[in-house]
Structures are given as C-alpha cells and as structure tokens.
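Residue numbers (UniProt numbering): 1 to 94.
Structure below.
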C-alpha cells in the first residue's frame with residue numbers, strides 16, 4: 001500500500017507533508033484508510049506550508065484521486081475519520 005501511495009503522490013505531484021514542512025502528524029503516519037478510501041495528508045509545491053487531505057480510491061490496483069481539500073479539523077469530523085494533529089518534528093524527540 002505504501003508503494004502505491006508514493007506512486008500516486010508522485011503522479012499527482014503531491015509532496016510528502018513531513019518532508020516539505022518538517023512537521024509530522026501524530027496520527028498513524030499520514031494516512032487513514034476507511035471504506036476502501038485512503039485519506040492521506042500531503043503538501044503542494046505552490047502552498048507548501050499547508051496540509052492537504054487527498055482522498056484516494058483504489059481502482060485496478062491504482063490509486064485515483066477522488067478529492068483534495070485543504071486540511072482542517074472540521075474536515076475530519078465531516079468525514080468521520082480521526083483528526084490529524086501536527087507537531088514540529090523536533091518536538092517529537094523529547
């Protein structure tokens with residue numbers, strides 16, 4: 001699954017959010033899977049400091065983008081998925 005996510009991110013020109021910002025999410029990695037949809041946090045080149053939530057659905061082994069939204073906590077509530085919280089990577093090392 002990780003490989004196909006990386007591939008889908010590359011094809012859609014999304015960047016790894018922690019890599020771009022030095023911030024990491026406290027929820028399991030940056031991805032939540034629910035009802036066959038992957039909810040995945042990424043950043044975009046043109047707006048690299050903001051997290052975006054990409055919704056991917058798998059079709060024939062390939063992840064297709066259904067929707068991309070700027071991530072806000074209320075989005076998690078609407079989608080009924082866990083909230084992503086972000087911390088500076090250096091805060092995590094304590």
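Built from N, CA and C at the ideal position, the CB exists for glycine as well.
Beta-carbon contacts of residue i that lie in its chain and below 8 angstroms, excluding the five residues immediately before and after
i: residue 27; result: Note on residue 27: pLDDT 49, under 50, position unreliable in the model; the coordinate value appears next. Taken in chain order, the residues that qualify are 82, 83, 84 and 85.
i: residue 65; result: 8, 12, 54, 55 and 56
Coil, strand or helix - residue i by DSSP
i: residue 31; result: strand
i: residue 9; result: helix
Contacting residues, own chain, Cβ-Cβ under 7 angstroms from residue i (five flanking each side not counted)
i: residue 32; result: 39, 81 and 82
i: residue 70; result: 50 and 52
i: residue 3; result: none
Sequence-distant residues of its chain with Cβ nearer than 6 angstroms to residue i (five each side left out)
i: residue 76; result: 83
i: residue 68; result: 52 and 54
Integer Cβ distance of residue i from residue j, believed to fall under 8 angstroms
i: residue 63; j: residue 5; result: 7 angstroms
i: residue 58; j: residue 36; result: 7 angstroms
Quick check on the DSSP output: what are the complete beta strand (DSSP E) runs of length 3 or more inside the stretch 14–86, in order along the chain? 14–16, 23–25, 31–34, 37–44, 47–59 and 62–70
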